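S.K.: Residue numbers (our numbering): 702 to 1118. A virtual CB, placed ideally from N, CA and C, is assigned to each residue, including glycine. Computed from a predicted model, the values in this text were never measured in an experiment. One structure, as structure tokens, below. Some questions next.
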């Protein structure tokens, strides 16, 4: 029998994906392990290799459609097999297939489903047998009680009848897509992929932590000078673009070692704080699809140039959506650098279940007290958000002070390994 190739369980909590691109079409011959599709999960774009060599009989989903784990992606017949195929799967309609409406004023329905009153068992008001509580429930759920056929004694309408009618009503309710609001035309975007995951994670973090943010500044004039001296060497000898982030990662690790609560998480079931003795630093990367956070594993055991090369490699893979899922997991502390986009201070949200996150702002030249004089110095804005359930402001302030000291004395960063 032909092989039904099902969307596999990729682990890491992935339950569905979107067909970004078919690499083959029905009727094509494929070889075992040949990539037949690119599927975008909420973490990365994954290529789907064919499990067998044979001929593609059917593709069950269009590009842009969502496929859940266990659903059939394609049916492939190996040479000599019967050409029978599985029953087709009715896929949800594509947003792009919807016919546009044309209107001048007001809200127009783009799709309508007409619900027959017979399906709900229409009765006349005089025949309605229902208690006040049931009538109130129908009103609360927006169900027209006169259209419900009761299943109780003598046709009495029960609470269950109302709830079932409510479900039917919700399912069959005409669908209206507003093309404009009171002030003008609008577009709508489906929340999916990374944006959907980010929304879920941010709400989870907001609901499960007690976030507090403190802000500070670091005089990074000497760090800027050091980086200027080293970046050409890094490019020529290591083929690496040296940014400020490797120094920030290294300084973070050094400050975390003396402030372990910032490198921890809270086990809510046991009521214990888990103090991590390894340092996996997540670095947020802004992609066209949304934020991704590749993780620099064992950052404490790597030199500046190694960290620089790894950041460059992981960021490139994240931008191309080709990063391995394992490189997005296991973080103990996260750094987000909105300074590259011009931001100064922020209120970063903790990458739950981590205990803290550090925000880096744009380096600015500004008047600053230095050696008893006012001089123009390079100033980096810092924002630290932490979980107040795990630590107090004193812990956060101590970490921030130590982190700032490393940035202001960058020779300490190079001296420590």
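Quick one: grab the DSSP three-state call for residue 709.
M.R.: Here residue 709 corresponds to residue number 8 of the chain shown, with the count starting at 1. Coil, per DSSP.
S.K.: In angstroms, rounded to a whole number, what distance separates the CA positions of residue 1001 and residue 956?
M.R.: Counted from its first residue, the chain shown places residue 1001 at position 300. Counted from its first residue, the chain shown places residue 956 at position 255. So the two alpha carbons sit approximately 11 angstroms from each other.
S.K.: In the DSSP assignment, the alpha helix (DSSP H) including residue 927 goes from what residue to what residue?
M.R.: The residue labelled residue 927 in the question sits at position 226 within the chain shown. First-last of the alpha helix (DSSP H) with residue 927: 922-934.
S.K.: Identify which residue in 988, 895, 916 has its Cα closest to the Cα of residue 1042.
M.R.: The residue given as residue 1042 occupies position 341 in the chain shown. Per the Cα distances, 988.
S.K.: Please state whether the Cβ-Cβ distance between residue 778 and residue 737 is less than 8 angstroms.
M.R.: Against the chain shown, residue 778 aligns to sequence position 77. Against the chain shown, residue 737 aligns to sequence position 36. Taking 8 angstroms as the Cβ cut-off, residue 778 and residue 737 do not qualify as a contacting pair.
S.K.: Take residue 823 and list the residues in its own chain whose beta-carbon comes closer than 6 angstroms to its own, dropping the five residues that flank it on each side.
M.R.: If you number the chain shown from 1, residue 823 lands on position 122. A caution first: residue 823 carries a pLDDT of 45, below 50, which makes its placement in the model too unreliable to give a value.
S.K.: If you compare alpha carbons, which of 745, 726, 740 is closest to residue 755?
M.R.: Working through the chain shown from its first residue, we reach residue 755 at position 54. Selected option, being the one with the closest Cα: 726.
S.K.: If distances are taken between C-alpha atoms only, which option among 1046, 1072, 1091, 1021 comes closest to residue 1053?
M.R.: As a first step, residue 1053 must be located in the chain shown, where it is residue number 352. That would be 1091, whose Cα lies nearest to the Cα of residue 1053.
S.K.: Given that a residue counts as buried once 16 or more other Cβ atoms are within 10 Å of its Cβ, and exposed if not, what is residue 1037?
M.R.: Locating residue 1037 in the chain shown gives position 336, counting from the first residue. So residue 1037 ends up on the buried side.
S.K.: Would you decide whether residue 892 is buried or exposed? Buried here means 16 or more other CB atoms lie within 10 Å of its CB.
M.R.: The residue you call residue 892 lines up with position 191 of the chain shown. The residue is exposed, with fewer than 16 neighbouring Cβ atoms inside 10 Å.
S.K.: Assess contact between the region 1063-1083 and the region 972-988, defined as three or more Cβ pairs (one per stretch) separated by less than 8 angstroms. Is contact present?
M.R.: no
S.K.: Do the region 1044-1051 and the region 904-914 touch if we need at least three Cβ pairs shorter than 8 angstroms?
M.R.: yes
S.K.: Using DSSP bridges, identify the partner residues of residue 997.
M.R.: Sequence index remark: in the chain shown, residue 997 carries index 296 (1-based). Answer is 982, bridged to residue 997.
S.K.: Can you confirm whether the region 935-951 touches the region 1007-1022 when touching is taken to mean that 3 or more C-beta pairs between the two stretches lie within less than 8 angstroms?
M.R.: yes
S.K.: Look at residue 1035 and residue 1058 and say whether their C-beta atoms are less than 8 angstroms apart.
M.R.: Walking along the chain shown from the start, residue 1035 turns up at place 334. Walking along the chain shown from the start, residue 1058 turns up at place 357. Yes, Cβ-Cβ distance for residue 1035 and residue 1058 is below 8 angstroms.
S.K.: Helix, strand or coil for residue 962 per DSSP?
M.R.: Working through the chain shown from its first residue, we reach residue 962 at position 261. Helix, per DSSP.
S.K.: So which of 718, 720, 746, 706 has the shortest CA-CA distance to residue 733?
M.R.: Working through the chain shown from its first residue, we reach residue 733 at position 32. Closest by alpha carbon: 706.
S.K.: Check whether the region 953-967 touches the region 1083-1102, counting contact only when three or more Cβ pairs, one atom from each stretch, lie closer than 8 angstroms.
M.R.: yes
S.K.: Out of 1032, 915, 995, which one is the CA nearest neighbour of residue 1017?
M.R.: Numbered from 1 along the chain shown, position 316 holds the residue referred to as residue 1017. Residue 1017 has its Cα closest to that of 995, out of 1032, 915, 995.
S.K.: Going by DSSP, which residues form a beta bridge with residue 1079?
M.R.: Position 378 of the chain shown, counted from the first residue, corresponds to residue 1079. In the DSSP output, where bridge partners are listed per residue, residue 1079 has 1066.
S.K.: Helix or strand or just coil, what does DSSP make of residue 820?
M.R.: By 1-based counting over the chain shown, the position of residue 820 is 119. Per-residue confidence for residue 820 stands at a pLDDT of 41, beneath the threshold of 50, marking its modelled position as unreliable; the derived number appears in the next sentence. Residue state, collapsed to three classes: helix.
S.K.: Between residue 975 and residue 1025, what straight-line distance do the alpha-carbon atoms span, to the nearest angstrom?
M.R.: What you label residue 975 is simply residue 274 of the chain shown in a count that begins at 1. What you label residue 1025 is simply residue 324 of the chain shown in a count that begins at 1. Rounded to whole angstroms, residue 975 to residue 1025 spans 26 angstroms at the Cα level.
S.K.: Determine the contact status of residue 1032 and residue 1066, defining contact as a CB-CB distance below 8 angstroms.
M.R.: Here residue 1032 refers to the residue found at position 331 when the chain shown is read from its first residue. Here residue 1066 refers to the residue found at position 365 when the chain shown is read from its first residue. Against a cut-off of 8 angstroms, the Cβ pair of residue 1066 and residue 1032 comes out as no contact.
S.K.: Give the straight-line distance between the Cα atoms of residue 781 and residue 851, rounded to the nearest whole angstrom.
M.R.: For the purposes of this step, residue 781 is taken as residue 80 along the chain shown, with counting starting at 1. For the purposes of this step, residue 851 is taken as residue 150 along the chain shown, with counting starting at 1. Residue 781 and residue 851: Cα-Cα distance of roughly 57 angstroms.
S.K.: State buried or exposed for residue 953, treating a residue as buried only when at least 16 other CB atoms are found within 10 Å of its CB.
M.R.: Sequence index remark: in the chain shown, residue 953 carries index 252 (1-based). Result: buried.
S.K.: Please report the distance separating the alpha-carbon of residue 748 from that of residue 735.
M.R.: Against the chain shown, residue 748 aligns to sequence position 47. Against the chain shown, residue 735 aligns to sequence position 34. For residue 748 and residue 735, the distance between alpha carbons rounds to 9 angstroms.
S.K.: Along the chain, where does the alpha helix (DSSP H) that runs through residue 1095 open and close?
M.R.: Residue mapping note: residue 1095 aligns to position 394 of the chain shown, counting from 1. Here the alpha helix (DSSP H) through residue 1095 covers 1094-1109.
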